[in-house]
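When the letters of the sequence shown are read in order and numbered with the working numbering, they come out as residues 29 to 94. Where a beta carbon is used, it is the ideal one built from N, C-alpha and C, also for glycine. All figures in this text were calculated on a predicted structure; none of them were measured in a lab.
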Amino acid sequence: MTTEEQEFADFMTEASIKAMELRKKYDKLSENNKRKFLQYIEPMVRAGGAQAFVEQMNILFNTGKR
């Protein structure tokens, strides 16, 4: 495996772990807060597509990447 491939594999592992952590936290939210979250992200996904969504995930994950 090349360094580039390993870098990608490591990133995907970390992203998967964080996604699972967020999912567990999301599952614990009240139904009202789940609805609020979905209302918050829906316009970003619709307006900016995948790029806007990824940018918001970077902000949520506090990576500082934009």
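- Task: Indicate the three-state DSSP secondary structure (helix, strand or coil) for residue 30 in the structure shown.
- Result: Looking at residue 30 - three-state DSSP - the assignment turns out to be coil, as it is neither helix nor strand.
- Message: In whole angstroms, give me the CA-to-CA distance for residue 62 and residue 54.
- Response: Each residue's alpha carbon lies about 7 angstroms from the other.
- Mark residue 40 as exposed unless 16 or more other C-beta atoms lie within 10 angstroms of its C-beta, in which case mark it buried. A residue is called buried when at least 16 other Cβ atoms come within 10 angstroms of its Cβ; residue 40 does not meet this threshold and is exposed.
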